[in-house]
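Below: one structure, written as structure tokens.
In mature numbering (1 follows the signal peptide of the UniProt record, and there is no 0), the protein residues as written are -19 to -1, 1 to 772.
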């Protein structure tokens, strides 16, 4: 082979290998007509001036070989796309982004004259660029004007909508909507319009209302996204962990999202791993798309029955008929009279709540937080039994004993023989009775322990469920997950065999025997109120005294009130590592704080004035106020004061409660009444307003030994006429004198009346609730005094 042919062959092979290499990555700051067109195979990226954001063609994760033109966070590992021009219509490798001769920005699949896939007309631009805040800009076009599923800091959303990637959900700046039926399942607090998000973690709403992220105050990469599960979440990017962390979310109960499960299906939320599952009710079988189908259609409407599903609710709305009834029988008859009635929901709380399910059942979920029972209509021949049972069914145990006497002997003519037989039987029975009586006495202790173990002792009818120690040990994984500790014992998180998450409180130093303990627990379990934690059961075994409560996932009020917004900044300055899953909570705004204060007042008024047995709480403090879903307060540890041993009280045997929250009469030889709880509530109410513990000094001008929060707040509000000085500094900027003055003024005045030194000067808790509601006039109170110092 000649040298010229060898050179030609080498040049051909070099050209072929070069053509197979991917193009070198190129970063540009402006896409102009001089470098048009832009194809997916060019490996070209448009960067923002600070390289925080990037734009270009990305491979579609759902469609191999296809691309979307998107904007994403540059150098962020996962979940980084924030906007796409053609997420519903991905293009092939032959597509082009080009600028036409007329100055129009066009995204076409394969032909220059094809359909323009760019979402909005973009004309009269000199070049496509990416701004510092992540918006694509070309002439009169901005990608911020047409968001997809994400909002970035400083992007205005008023008048626009977000749509999840799967197209099932929409957020129109006021409410979350399930597009399948165009029904809303969540609204902003106060029906306000969401306006914008800042990079410090503040979400601004109409009328200057605000939500705060749990890491508010630190500048970070942030985004507000409508996820495919229908929840609206605020994320911030943790550089050390290299992942997005949820700092706020609209819904804590994912089963309340419409469309999570299909028709007739029941959604179950697992709080331990934050996941949902869809199950079919009894009498129904699985169907496509997580829906359920009736196994046996109604042959004759007269031959139907109802299966009771405790804690199950269907919230679809479009197919429900809400009626008012006086009793259960009327509600049942209303459903039986309708051919298309699939069941009905009923509450046993006297509220006349009766909802008929017509045509179909949608958006069903199971949650112990609801007091609703669903009565499912099935055919009379259906053999399925309900697997959604409550905590009120009592176990009945029987030990049957059969005594069989021998057949009488044949009649004998001999009188002596008859007498011998009768005497023999009598002596045998006498000896047998003596033997059994001796055996019973010998093993009396063993039988007594067995009775306690299996619950054979007398238990009040209609009382709470009695759990065995082994059940609770398994549910709490050998009591290995403590979630709280107080004066009455340690609280553990547990999960029962039926999937319910519970809070298990192991009591310490409990006085009295089993009968006394059961009697007190039965009284506590019968106290039902929206703002009281529900008691589901108990355990009295092996010397242990354990109570089983409903689990409230959001924790206690003190975790929301007494946290510092500068904790993360301080940790960063001192070089302290941040820990994933910290207990930081969102900062409560004024409306939520007012709802919590009013709910707690109503709960304590119920204990004082509405219960069959008068109940004094004795330990009202933020740690005993739990925050449920939608920030509904729930008072805990009520009724437990009578179970404590006297020698376990603080300093003196008559003192009960927590130092810093006790009324003056606890330290004086006076009778203790319900006004002691009123005093403790007044201190908590003042802490809700100030966002600080009552014993922490807020004013350096006051001597430390003379500090008394109620007296200082009284001077600020009623003498200096400056209520803003006592407000929580973290949300002081959200205070609007026109919108919030009347509400906060009522809270402060009510607190001052509760904190009067003499018990007879304080109002009852029923009147306190009315004072907060604004239904009674509040006169100016006297200045509270420090009861342990001379005035």
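The C-beta atom is built at its ideal place from N, Cα and C for all residues, glycine as well.
Other residues of its chain near residue i: CB distance less than 6 Å, five sequence neighbours each side excluded
{"i": "residue 347", "result": "247, 249, 292, 293"}
{"i": "residue 571", "result": "721"}
{"i": "residue 345", "result": "247, 295"}
{"i": "residue 656", "result": "740, 743"}
{"i": "residue 20", "result": "77"}
{"i": "residue 586", "result": "746, 747, 750"}
{"i": "residue 151", "result": "142, 144, 158, 160"}
{"i": "residue 75", "result": "91"}
Alpha-carbon to alpha-carbon, residue j and residue i
{"i": "residue 602", "j": "residue 100", "result": "55 Å"}
{"i": "residue 377", "j": "residue 499", "result": "The predicted model places residue 377 with a pLDDT of 34, which falls under 50 and marks its position as unreliable, so this point remains unresolved."}
{"i": "residue 402", "j": "residue 421", "result": "28 Å"}
{"i": "residue 195", "j": "residue 50", "result": "33 Å"}
{"i": "residue 743", "j": "residue 681", "result": "30 Å"}
{"i": "residue 201", "j": "residue 53", "result": "16 Å"}
{"i": "residue 45", "j": "residue 567", "result": "41 Å"}
{"i": "residue 189", "j": "residue 487", "result": "45 Å"}
{"i": "residue 553", "j": "residue 199", "result": "In this prediction, residue 553 scores a pLDDT of 39, lower than 50, which makes its location untrustworthy; the coordinate-derived value is nonetheless stated afterwards. When rounded, the distance between both Cα atoms is 10 Å."}
{"i": "residue 331", "j": "residue 356", "result": "17 Å"}
{"i": "residue 128", "j": "residue 88", "result": "18 Å"}
{"i": "residue 281", "j": "residue 258", "result": "33 Å"}
{"i": "residue 750", "j": "residue 131", "result": "42 Å"}
{"i": "residue 758", "j": "residue 731", "result": "11 Å"}
{"i": "residue 255", "j": "residue 645", "result": "45 Å"}
{"i": "residue 549", "j": "residue 182", "result": "Note that residue 549 scores 42 on pLDDT, short of 50, meaning its location in the model is unreliable and no value can be drawn from it."}
{"i": "residue 17", "j": "residue 160", "result": "38 Å"}
{"i": "residue 253", "j": "residue 226", "result": "18 Å"}
{"i": "residue 580", "j": "residue 180", "result": "34 Å"}
{"i": "residue 724", "j": "residue 753", "result": "8 Å"}
{"i": "residue 584", "j": "residue 512", "result": "5 Å"}
{"i": "residue 457", "j": "residue 476", "result": "7 Å"}
{"i": "residue 614", "j": "residue 538", "result": "8 Å"}
{"i": "residue 555", "j": "residue 135", "result": "Residue placement at residue 555 cannot be trusted, given a pLDDT of 36 that sits under 50; the coordinates are not used to answer."}
{"i": "residue 438", "j": "residue 450", "result": "Summary for residue 438: the model assigns pLDDT 42, below 50, so the residue's position carries little reliability; its value from the coordinates is reported in the next sentence. Answer to the nearest angstrom: the Cα atoms are 16 Å apart."}
Cut-off 8 Å between Cβ atoms - residues of its own chain near residue i, not counting five sequence neighbours on either side
{"i": "residue 713", "result": "705"}
{"i": "residue 502", "result": "444, 445, 516, 519, 528"}
{"i": "residue 612", "result": "535, 569, 573, 576, 577"}
{"i": "residue 760", "result": "none"}
{"i": "residue 697", "result": "703, 704, 706, 707"}
Spatially closest choice to residue i from the options, by CA coordinates
{"i": "residue 590", "options": "18, 344, 659", "result": "659"}
{"i": "residue 81", "options": "14, 316, 540", "result": "14"}
{"i": "residue 308", "options": "318, 319, 327, 320", "result": "327"}
{"i": "residue 318", "options": "102, 341, 358, 352", "result": "358"}
{"i": "residue 598", "options": "580, 583, 617, 608", "result": "617"}
{"i": "residue 799", "options": "47, 223, 208", "result": "In this structure the chain extends from -19 to 772, so residue 799 is not present and cannot be described."}
{"i": "residue 40", "options": "423, 12, 71", "result": "71"}
{"i": "residue 274", "options": "340, 455, 84", "result": "340"}
{"i": "residue 156", "options": "238, 120, 110, 178", "result": "238"}
{"i": "residue 506", "options": "596, 73, 701, 467", "result": "596"}
{"i": "residue 642", "options": "767, 398, 321", "result": "767"}
{"i": "residue 265", "options": "490, 364, 154", "result": "364"}
{"i": "residue 465", "options": "699, 483, 710", "result": "483"}
{"i": "residue 83", "options": "67, 104, 92, 91", "result": "104"}
Chain-order list of residues whose beta-carbon lies under 7 Å from that of residue i (same chain, five-residue window excluded)
{"i": "residue 234", "result": "250, 348, 610"}
{"i": "residue 133", "result": "63, 114, 115, 204"}
Beta-carbon separation (whole angstroms), residue i vs residue j, contact threshold 8 Å
{"i": "residue 216", "j": "residue 228", "result": "7 Å"}
{"i": "residue 514", "j": "residue 485", "result": "Actually they are not in contact, since the Cβ atoms of residue 514 and residue 485 sit about 13 Å apart, beyond 8 Å."}
{"i": "residue 735", "j": "residue 662", "result": "6 Å"}
{"i": "residue 337", "j": "residue 316", "result": "5 Å"}
{"i": "residue 667", "j": "residue 694", "result": "6 Å"}
{"i": "residue 335", "j": "residue 306", "result": "4 Å"}
{"i": "residue 174", "j": "residue 139", "result": "6 Å"}
One or two residues paired with residue i in a DSSP bridge
{"i": "residue 347", "result": "249, 293"}
{"i": "residue 259", "result": "248"}
{"i": "residue 520", "result": "527"}
{"i": "residue 226", "result": "217"}
{"i": "residue 37", "result": "51"}
{"i": "residue 503", "result": "Note: residue 503 sits in no beta bridge, so no partner."}
{"i": "residue 140", "result": "Paired residues: none, contrary to the question."}
{"i": "residue 285", "result": "360"}
{"i": "residue 354", "result": "291, 327"}
{"i": "residue 8", "result": "26"}
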